[in-house]
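Visitor:
Protein chains in written order, with my numbering: chain Z, 127 to 598; chain P, 3 to 498.
1) Where does residue 542 (chain Z) fall in DSSP's three states?
2) Could you tell me if residue 310 (chain P) is buried or exposed, where buried requires 16 or more neighbouring beta carbons within 10 angstroms of its beta carbon?
3) Less than 7 Å between the beta carbons of residue 298 (chain P) and residue 213 (chain P), yes or no?
4) For residue 157 (chain P), which option in P:145, P:473, P:139, P:173 has the closest C-alpha, if you only look at C-alpha atoms?
5) Let me check one thing: in DSSP terms, what residues is residue 109 (chain P) bridge-paired to?
6) Is residue 435 (chain P) helix, strand or coil by DSSP?
7) Under 8 Å, CB to CB, which of the residues in the segment 558 to 580 of chain Z have a partner in chain P?
8) In chain Z, which residues lie less than 7 Å from residue 23 (chain P) when you measure between Cβ atoms?
9) In chain order, what residues of the segment 287 to 304 of chain Z put their CB closer than 7 Å to some CB of chain P?
10) Taking three-plus beta-carbon pairs below 8 Å as touching, is the segment 258 to 278 of chain P in contact with the segment 97 to 115 of chain P?
11) Strictly under 7 Å for the Cβ-Cβ distance: is residue 141 (chain Z) near chain A by that measure?
12) Can you tell me where the alpha helix (DSSP H) holding residue 242 (chain P) begins and where it ends?
13) Does the segment 387 to 401 of chain Z come close enough to the segment 176 to 184 of chain Z to have 3 or more Cβ pairs within less than 8 Å?
14) DSSP beta-bridge partners for residue 280 (chain P)?
15) Taking residue 39 (chain P) as part of the alpha helix (DSSP H), name the residues at either end of that continuous run.
16) Tell me the rounded alpha-carbon separation between residue 498 (chain P) and residue 395 (chain P).
17) Taking CB distances under 7 Å as the criterion, tell me whether residue 133 (chain Z) reaches chain P.
18) As an exercise, report each continuous alpha helix (DSSP H) stretch of at least 4 residues that is fully enclosed by the segment 310 to 368 of chain P, in chain order.
19) Which residue from P:267, P:233, P:488 puts its Cα closest to that of residue 219 (chain P)?
20) For residue 328 (chain Z), which residues does DSSP report across the bridge?
21) Chain Z partners of residue 177 (chain P), CB-CB under 9 Å?
22) Say whether the segment 260 to 278 of chain Z touches the segment 308 to 323 of chain Z, bearing in mind that this needs 3 or more beta-carbon pairs closer than 8 Å, one atom from each stretch.
23) What residues of chain Z sit near residue 257 (chain P), judged by a beta carbon separation below 9 Å?
24) Compute the beta-carbon to beta-carbon distance between residue 1 (chain P) and residue 459 (chain P), rounded to the nearest angstrom, for a pair I have assumed lies under 8 Å.
25) According to DSSP, what are the bridge partners of residue 524 (chain P)?
26) Determine which residues share a DSSP beta bridge with residue 427 (chain P) and list them.
27) Using a Cβ cut-off of 8 Å, pull out every chain Z residue sitting near residue 168 (chain P), in sequence order please.
28) With DSSP as the reference, identify every bridge partner of residue 485 (chain P), one or two as the case may be.
29) Using the Cα positions of residue 431 (chain P) and residue 454 (chain P), report the straight-line distance between them to the nearest angstrom.
30) Using a Cβ cut-off of 7 Å (strictly closer), state whether residue 9 (chain P) contacts chain Z.
31) Within its chain, find whatever has a CB closer than 8 Å to the CB of residue 271 (chain P); leave out the 5 residues flanking it on each side and keep chain order.
32) According to DSSP, is residue 194 (chain P) helix, strand or coil?
33) Do you know how far the Cα of residue 196 (chain P) is from the Cα of residue 442 (chain Z)?
34) Quick check: does the Cβ of residue 535 (chain Z) come within less than 6 Å of any heavy atom belonging to the ligand PLP?
35) Any idea which residues DSSP pairs residue 494 (chain P) with across the strands?
36) Just the chain Z side, please: which residues come within less than 7 Å of residue 174 (chain P) by C-beta, in chain order?
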């Protein structure tokens with residue numbers, strides 16, 4: 127069962143209804159049952175890996191707590207040894223089962239980071255170990271997050287299982303709207319753009335330069351819509367079930383610097399890497415050179431986490447290098463801005479910074495998407511060839527998207543940009559919609575449903591089932 | 003936990019409104035081909051006496067409008083494009099839920115196909131063929147509502163569970179039709195979408211100029227008796243006999259391959275086993291391979307008229323099939339028959355090509371014609387042209403002249419008149435008037451009527467370089483309907 131499946135859409139209301147009517151104190155058991163059913167329906171064999179992870183995480187945390195002897199004295203040698211052992215076991219399991227050489231385990235990169243975060247939190251004394259096995263199992267396997275995150279923290283999730291909130295219609299409506307937006311991003315924009323992008327990255331050397339450049343820009347939107355779409359569905363779905371899940375995207379392409387981009391893109395991973403890799407490495411507390419090195423290490427880890435291919439490492443390191451260049455050139459840039467008397471808060475200056483940041487991110491995405499470094503360089507080289515006649519000679523529509531389909535993609539991206547600009551400026555669209563009168567609300571929601579059903583890339587002839595981040 | 007009644011009502015209201023809109027979208031977006039074909043079937047199922055089932059050969063060869071026009075028999079053409087016997091079987095089972103005909107006529111083309119699943123076909127079938135096979139099944143299946151028979155049919159015809167979904171929920175495949183919607187798609191919302199005017203048949207109007215002729219098989223063992231196609235023909239006959247419905251098995255004329263001839267042998271053997279009639283039109287000489295095929299596999303409208311008349315003759319021997327002409331309850335059938343003959347009338351008066359026009363003139367009931375070919379025309383070296391003219395006259399004159407040549411086909415009197423070389427026609431009584439024809443010289447000839455001697459119908463100075471003229475006139479009133487000029491270039495003809 128996938129998020130993009132009829133079975134999921136039919137079963138979710140049933141699951142939500144039962145969740146709605148059963149006593150709150152038993153709700154976590156119901157959520158665990160449906161989470162287990164969800165994961166087993168995707169891959170029965172991988173469930174064994176999941177179960178193993180839950181057992182290791184549960185007992186590792188309990189033992190760490192036990193050998194520490196108290197909340198104030200967690201960092202004993204025994205606790206450290208247990209931590210190292212648990213981390214080694216889980217990281218090794220993640221690398222082995224992610225590669226699929228022995229057996230694949232879908233979502234392992236995500237639920238393993240959740241588990242590791244929880245064990246480290248217990249070791250640090252930031253969290254107490256969860257003694258209820260079922261609650262811990264639910265934390266690791268909670269179905270809206272299990273495939274592609276967000277990578278939640280125990281501190282946010284476990285209390286919600288113990289003290290569930292009242293699920294009311296407002297929450298359900300809000301969750302429903304969020305899911306609707308997620309499906310729109312995924313099915314109408316991401317999967318449509320993917321048809322064009324796949325053609326470009328399959329044989330870039332045979333495609334006209336500007337078409338390749340367009341393909342790279344479209345990929346930036348594809349991966350955003352795909353992943354943010356998944357996250358919105360996951361967050362909305364969890365909300366309907368009475369669980370608040372952390373935000374994973376916050377208008378990332380509105381960022382005015384690479385550092386800001388990473389505060390807005392895949393927030394749950396960025397903060398995880400910050401809290402469990404960057405800060406333990408010393409962060410920015412051990413001098414400038416060490417800070418730069420730490421940044422490179424964090425982004426290298428991020429790259430490797432995304433995949434074992436060299437392209438992912440280059441993608442990660444490129445972001446690290448961007449940041450270091452940003453730090454190094456900051457005084458110079460400040461002087462230029464001062465000399466030219468540029469208004470930093472002016473729209474034009476902010477827009478230029480946003481565009482430059484987008485282009486840098488866009489360049490890095492080429493490595494992320496390409497099958498090999500060689501292909502990535504071919505895409506970059508071809509992108510620099512200027513062939514503007516593709517807009518008028520019809521070749522724009524020869525890469526799998528008809529003119530109508532391309533129009534829908536462009537309109538979808540424009541809508542996405544508008545929504546992001548509004549969100550960036552603090553306008554909460556869902557709140558605005560919910561506060562409208564019933565008729566406007568219904569019209570908007572029904573229009574959304576119809577747009578997804580009609581313009582969505584799904585059904586016969588398409589494979590819209592898998593999300594890009596599902597593979598990591 | 004308090005649940006507000008208003009919240010429940012709002013949720014129910016929203017769900018209903020959303021479902022209604024989604025239903026509207028499915029109606030607009032669904033492919034209309036199946037609805038178009040079967041709209042009259044559902045509306046007039048209680049009046050249907052004969053069902054024709056089979057492949058596209060049936061769609062193009064059997065015209066229920068003609069059958070009604072000629073015999074007054076009500077029938078429906080259930081043929082499906084690329085419909086193999088198992089698909090045909092399920093088509094019949096679905097149809098029998100709505101109607102109980104007196105006779106089922108099943109065509110055996112494609113009976114040689116020896117695979118069960120349309121999405122798998124043979125091991126070496128390419129993906130495109132498989133995709134086409136699945137796509138063609140939609141014509142047969144989309145119109146039937148979702149029920150246990152449809153589920154059984156789809157499970158029997160399609161192996162892939164994912165592909166089955168597009169038959170259970172057609173929106174699965176049709177939601178992306180938004181780019182090709184036209185006014186007819188929206189008319190479906192009000193139930194006024196176009197419908198097939200020929201009770202499921204489709205007429206084609208081309209002419210296959212070079213049908214292939216293939217050798218007979220070396221033996222008469224047919225297909226061996228165990229192909230999937232043969233198995234389902236038996237099931238069709240069994241089903242009809244179980245329901246006391248007469249069955250007739252056919253092989254409709256086409257440019258039959260050696261494999262097709264094996265099909266005929268097999269069909270004949272099965273029919274003998276079940277004691278049902280087998281009409282092998284291929285051997286009956288009813289349809290002219292050289293003028294009545296649209297392509298090597300399918301008949302054109304003239305071929306369909308001939309084939310349908312032939313089948314009508316066979317049906318007339320079955321008890322219980324009655325002539326409904328004159329019965330006001332069946333006016334709709336007469337109206338559709340008249341409309342079809344109107345189409346043939348129009349094609350005879352003015353067609354896209356000279357071949358087409360001659361073909362439809364030879365079968366037109368109410369259009370008379372005068373065909374003139376000047377001496378030296380390259381039409382005299384064109385075998386197809388000669389064959390089409392020969393269809394009018396059955397005399398060999400057209401084969402033995404270099405022109406000029408004239409043929410008057412006077413439908414009202416049932417007479418034709420021809421002349422060639424220096425021959426004259428004098429005082430011919432036609433509905434146009436009393437006609438006189440006399441060749442004078444290469445670019446000049448006389449053709450006039452006693453009623454209007456001043457008008458030389460076959461001479462126009464401005465069109466002297468056209469070597470062929472066709473004049474059509476109404477068989478009843480004699481009113482001239484069209485005057486077409488053609489120029490011959492080998493076997494190519496350009497119209498004025």
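Every residue gets a Cβ at the ideal spot worked out from N, C-alpha and C, and that includes glycine. Computed from a prediction, not measured in an experiment: that's the story for all the values here.
Guide: If we stick to the structure as given:
1) By one-based count along the first chain, residue 542 (chain Z) stands at place 416. Residue state, collapsed to three classes: helix.
2) For the purposes of this step, residue 310 (chain P) is taken as residue 308 along the second chain, with counting starting at 1. Buried: at least 16 other Cβ atoms inside 10 Å.
3) As a position in the second chain, residue 298 (chain P) is number 296, starting the count at 1. As a position in the second chain, residue 213 (chain P) is number 211, starting the count at 1. A contact, by the Cβ cut-off of 7 Å.
4) Here residue 157 (chain P) refers to the residue found at position 155 when the second chain is read from its first residue. It is P:139.
5) Looking up residue 109 (chain P) in the second chain gives position 107. For residue 109 (chain P), which the question treats as bridged, DSSP gives the partners P:252.
6) Within the second chain, numbered from 1, the residue matching residue 435 (chain P) stands at position 433. Residue state, collapsed to three classes: strand.
7) 564, 568, 571, 572, 575, 576, 579, 580
8) For the purposes of this step, residue 23 (chain P) is identified with residue 21 of the second chain, where counting begins at 1. By Cβ distance, chain Z contributes 572, 576.
9) 292, 295
10) yes
11) Included in the structure are the protein chains Z and P, with no chain A among them.
12) Counting from 1 along the second chain, the entry for residue 242 (chain P) is found at position 240. Run containing residue 242 (chain P): 230 to 244, per the alpha helix (DSSP H) assignment.
13) no
14) Along the second chain, one-based indexing puts residue 280 (chain P) at 278. BP columns for residue 280 (chain P) point to P:251.
15) Taking the second chain and counting its residues from 1, the one referred to as residue 39 (chain P) is at position 37. Counting along the chain, the alpha helix (DSSP H) containing residue 39 (chain P) begins and ends at 35 to 45.
16) The count along the second chain starts at 1 and reaches residue 498 (chain P) at position 496. The count along the second chain starts at 1 and reaches residue 395 (chain P) at position 393. Distance between the alpha carbons of residue 498 (chain P) and residue 395 (chain P): 26 Å.
17) Position 7 of the first chain holds residue 133 (chain Z). With 7 Å as the cut-off, residue 133 (chain Z) does not count as an interface residue toward chain P.
18) 333 to 351, 356 to 365
19) Along the second chain, one-based indexing puts residue 219 (chain P) at 217. When only C-alpha atoms are compared, the closest one is P:267.
20) By 1-based counting over the first chain, the position of residue 328 (chain Z) is 202. In DSSP, residue 328 (chain Z) forms no bridge with anything.
21) In the second chain, the residue the question calls residue 177 (chain P) occupies position 175. Within chain Z, the residues near residue 177 (chain P) are 579, 580, 581, 582, 584, 585.
22) no
23) The count along the second chain starts at 1 and reaches residue 257 (chain P) at position 255. Here the premise fails: no neighbours, minimum Cβ distance about 34 Å.
24) In the structure displayed, chain P extends from 3 to 498; residue 1 (chain P) sits before or after that span and is not available.
25) With chain P represented from 3 up to 498, any question about residue 524 (chain P) goes unanswered, as that position is not in the structure.
26) Here the question's residue 427 (chain P) lines up with position 425 in the second chain. Partner(s): P:439.
27) The count along the second chain starts at 1 and reaches residue 168 (chain P) at position 166. Simply 585, 586.
28) Reading the second chain from its first residue, position 483 is the one you call residue 485 (chain P). DSSP output for residue 485 (chain P) lists P:473 as bridge partner(s).
29) By 1-based counting over the second chain, the position of residue 431 (chain P) is 429. By 1-based counting over the second chain, the position of residue 454 (chain P) is 452. Going from the Cα of residue 431 (chain P) to the Cα of residue 454 (chain P) covers about 14 Å.
30) What you label residue 9 (chain P) is simply residue 7 of the second chain in a count that begins at 1. Yes, its Cβ sits closer than 7 Å to a Cβ of chain Z.
31) Position 269 of the second chain, counted from the start, is the residue given in the question as residue 271 (chain P). Excluding residues within five positions, the ones whose Cβ falls inside 8 Å are 224, 227.
32) Here residue 194 (chain P) refers to the residue found at position 192 when the second chain is read from its first residue. In the structure shown, residue 194 (chain P) sits in coil (DSSP, three-state: anything other than H, G, I, E or B).
33) On the first chain, position 316 is the one that residue 442 (chain Z) refers to. On the second chain, position 194 is the one that residue 196 (chain P) refers to. Looking at the two C-alpha atoms, the distance is approximately 59 Å.
34) Among the ligands in the structure shown, none appear at all, so the ligand PLP cannot be discussed.
35) By 1-based counting over the second chain, the position of residue 494 (chain P) is 492. P:491.
36) For this step, residue 174 (chain P) is matched to residue 172 along the second chain. Under the 7 Å cutoff, chain Z gives 585, 586.
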